[in-house]
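What follows is a set of notes on a single structure, which appears directly below.
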Amino acid sequence: MQDLPKLIKELQTSVIEAGQERAKADALFLSIGEGVLATDEQGIIRRVNQVALDMLGFKEADLIGSWYPKVIVATDEKGHKQRSIDRPITEAFLTGKPVAGKTFYTKKDSTLLPVYVTLSPLMLDGAPVGAIEVFRDITKELAIDKMKNEFIALASHQLRTPLSTINIYVHLLKDGYGGPLSDEQMEYVLAMLSAGTRMQSLIEALLNISKLESGQLTAKSQAVPLPKIMNEVLAELNQSIVDKKLSVTFKPSKELPEPETDCLMIQEVLTNLVANAIQYTPELGKITITMQRKANEMIIKVKDSGIGIPKEKHTMLFSPFFRAQNALEFFEAGTGLGLYLVKLLVQTLGGKVWFTSQEDKGSTFFVALPLVSPEQTKAGDQNG
Amino acid sequence: MVRILIVEDDIALNKAYQIVLSRKSHHVDSAYNGLEALEKIQSNQPDIILLDLLMPRMNGLEFLRAYKPKDRSGVTIIAFSNLDTPSEIDEAYRLGIHKHLLKAATSPGELTTLIDELILIRKI
């Protein structure tokens, strides 16, 4: 009984502390500069801040108590509605991990707002008890991105014209149209030719990247005989294979299905991966290429015995203009765009690309290509 | 002798094609825009036209729309440009070009090989 006043005092302190914590959480919730909403374990909206209401044009009463995927409709850029099963909240509740991504929210006046959404599940003993979603308006980012792509496309076109003139006259010199060249003159001309060709591939890569990033280049879909394409790629690159005395083996498994994909895009992917393997493998090295079916995917593997990729650089490998120090020392003339282009192309084809590598031992690049193109899968879903 | 008309506004490039193609003992003539090309064609019908698409006064697509020979089958048109916007290239194909080549990516050797192949196929 003696302890009762003490107990009451402790309880009072706890209540005050809880109140302070609650006030802090409220202040955070209300003052944060991005749209925030909180749902319960069923996805019913329980709280929403003013920024979210302003961005979407809703009133608090429109949202509170409603199932969130229903009142805040998400679509792609063309206005195709995202199914609730594909919304981040479903994945976040299933995995217990935060999910982030770009999407378009439908405002109250039916216009679309591009947003970047991060949804974090609140987990208690492994079960979801609610979710907090933070989203921001990315209209300006998208506009800047569009301007960047337009600028690159325009600049690249403008660069092509003078470069065509330089390249053709260098070719004319080399082919003897201006008279015979001494060995020394030929050496100079070949240096110009090599630099011109390198600049040419840089411009083409930039243009392709800007087209892929802006969605101007979309994948066609036809049955593609991959082994045949790979043999064409190897034939095209044969001279450099012979020059470096590399042993190249290509073993597709028997009776491979022909994936429905974009022939030119996959050819570009294979060319880049094999050219890299050749580039970064010293003389007398080995390149092994395999293709096999695994469930609904085709797995293409390009393995080399080359210089490999330093471990600390693994995360940067698919970034534009990235080249590892050992790559720069080994082969000067790379553009740093090849693997970025490969990543964009494989994504456009609905596939995945990854690698394993050990410095001084070699690298293996993998591409998983869906047997049926993403467009067709979508159409199938709608029919089913 | 095969008659080739080069339609290209860039003077240096136009000259380079003349050098490459005359060496192959073809009869080569030059125009610097679509209008000039139409005039040249009236007096001398070419077998092959090498056509740039981006040109002042009359561009390649406008030329293709304006060019109405009695017998189109006798003429092979190769669009040769640094333009690669699909809509314009598709339009050029609809207007009857045989092939589109990217200027920046085509060496003189590749150009002459293509013309030799055309001559073989079309028996010009």
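Protein chains in written order, with the numbering used here: chain L, 1 to 384; chain A, 1001 to 1124.
Just so you know, even glycine gets a beta-carbon here, dropped at the ideal spot from N, CA and C.
By the Cβ test, the segment 1076 to 1094 of chain A is not in contact with the segment 145 to 152 of chain L, since fewer than three Cβ pairs between them sit closer than 8 Å.
Where residue 1062 of chain A is concerned, the enclosing alpha helix (DSSP H) starts and stops at 1060 to 1066.
DSSP places residue 361 of chain L outside both helix and strand once states are collapsed to three, so it counts as coil. With contacts defined by Cβ atoms closer than 8 Å, residue 56 of chain L and residue 88 of chain L do not form a contacting pair.
The beta carbon of residue 1109 of chain A falls within 8 Å of a beta carbon belonging to chain L, placing the residue at that interface. With a 10 Å radius around the Cβ and a threshold of 16 neighbouring Cβ atoms, residue 279 of chain L comes out buried.
When 8 Å is used as the limit between beta carbons, residue 293 of chain L is near no residue of chain A, the shortest such separation being about 32 Å. In the DSSP assignment, residue 27 of chain L falls within the alpha helix (DSSP H) that extends over 4 to 31. Shown here, residue 133 of chain L sits in a strand according to DSSP, grouped into three states.
Rounded to the nearest whole angstrom, the CA to CA distance from residue 85 of chain L to residue 348 of chain L is 23 Å. Taking 8 Å as the CB threshold, residue 164 of chain L lines the interface with chain A. In the three-state scheme derived from DSSP, where H, G and I count as helix and E and B as strand, residue 116 of chain L is classed as strand.
When 8 Å is used as the limit between beta carbons, residue 172 of chain L is near these residues of chain A: 1016, 1019, 1020 and 1108, in chain order. Contact of residue 1052 of chain A with chain L by beta-carbon distance below 7 Å is absent, the smallest such distance being about 10 Å. Taking a cut-off of 8 Å for Cβ pairs, the segment 187 to 205 of chain L and the segment 123 to 134 of chain L do not touch, as fewer than three such pairs fall below it.
With at least 16 other beta carbons inside 10 angstroms of its own, residue 135 of chain L counts as buried. Between residue 340 of chain L and residue 318 of chain L, the CB-CB gap stays under 8 Å. Just so you know, the alpha carbons of residue 1051 of chain A and residue 1077 of chain A end up roughly 7 Å apart.
In its own chain, leaving out the 5 sequence neighbours on each side, no residue places its CB closer than 8 Å to the CB of residue 195 of chain L. The three-state reading of DSSP puts residue 1055 of chain A in coil, since its state is none of H, G, I, E or B.
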